[in-house]
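Right, one structure below, let's go through it.
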Amino acid sequence: MPLTGHCLCKAVTYTVKGTEEPLLTAYDHCDDCQRQSGSTYSLVAVVLKDKLEVNGPVKKWKGTADSGNAVWRWFCEECGSPIAHDPDAAPEIIALKGGSLSTEIKKTLKPDTEIWTKSKLPFCQEHLAKPFEGMPQ
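Oh and the sequence shown: position 123 is 123 in full-length UniProt numbering, straight run, nothing missing.
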């Protein structure tokens, strides 16, 4: 089954043709991904860009990486959900936002890499002592 996903409102959908697993699944700790995700890191699934087919109202915002190269942040024009980031420095790949993958696919992801750990927040160094299955009552 190919990798598929969508934004929160489902106006944007995508399929990665001929691919059942990402090339790499990583926790991205860069400051820009923290801000785009609204969290402490962004889970990304890296795939070949020429295999990605996207449908729907995607907006692209141009950011600048530490290298000075552009990084294009893709998001849904309707609901604002992040879809991917597309680095000019590596034109053959694109990093899909892990949370945008189809639910059953997300459940099978196995992050194998951490990138931009120099920006990793200090409290992310260890597991939290009080995990909750859902919202605490």
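For each residue, glycine too, the CB sits at the ideal point set by N, CA and C. Since this is a predicted model, take the numbers as computed values, not measurements.
How would you label residue i, buried or exposed, when you count the other beta carbons within 10 angstroms and need 16 or more for buried?
i, result
"Trp74", "buried"
"Leu3", "buried"
"Thr25", "buried"
"Ala89", "exposed"
"Asp22", "A quick correction: the sequence has Pro, not Asp, at residue 22. Classification for Pro22: buried."
"Asp31", "exposed"
"Leu91", "Residue identity check: residue 91 is Pro in the sequence provided, not Leu. Exposed, by the Cβ-count rule."
"Asp66", "exposed"
"Lys97", "buried"
"Asp86", "buried"
"Asp112", "exposed"
Where do the N-terminal and C-terminal ends of the alpha helix (DSSP H) with residue i fall, by residue?
i, result
"Gly104", "Reading the sequence as shown, one finds Glu at residue 104 and not Gly. Element bounds for Glu104: Thr103 to Lys106."
So residue i is in the beta strand (DSSP E); what residue range does that whole segment cover?
i, result
"Val12", "Note, Val12: premise wrong, no beta strand (DSSP E); not H, not E."
"Cys76", "Ala70 to Cys76"
Per DSSP, residue i is paired with what?
i, result
"Gly5", "Tyr14 and Leu101"
"Ala89", "Per DSSP, none; premise fails for Ala89."
"Thr113", "Ala26"
"Ala84", "Trp74 and Leu96"
Write down every uninterrupted run of the alpha helix (DSSP H) in the segment 15-63 whose length is 4 residues or greater and which is fully enclosed by it, in chain order. Listed in chain order, they are 31-37.
Counting Cβ pairs closer than 8 Å, one from the segment 51-62 and one from the segment 2-14, do we hit at least three? With a cut-off of 8 Å, the segment 2-14 and the segment 51-62 count as touching, because enough Cβ pairs lie within range.
Do the segment 61-73 and the segment 38-51 meet, that is, are 3 or more Cβ pairs less than 8 Å apart? The segment 61-73 vs the segment 38-51: no contact.
Any contact between the segment 75-88 and the segment 114-124? By contact I mean 3 or more CB pairs, one from each, below 8 Å. Counting Cβ pairs under 8 Å, fewer than three are found: no touch.
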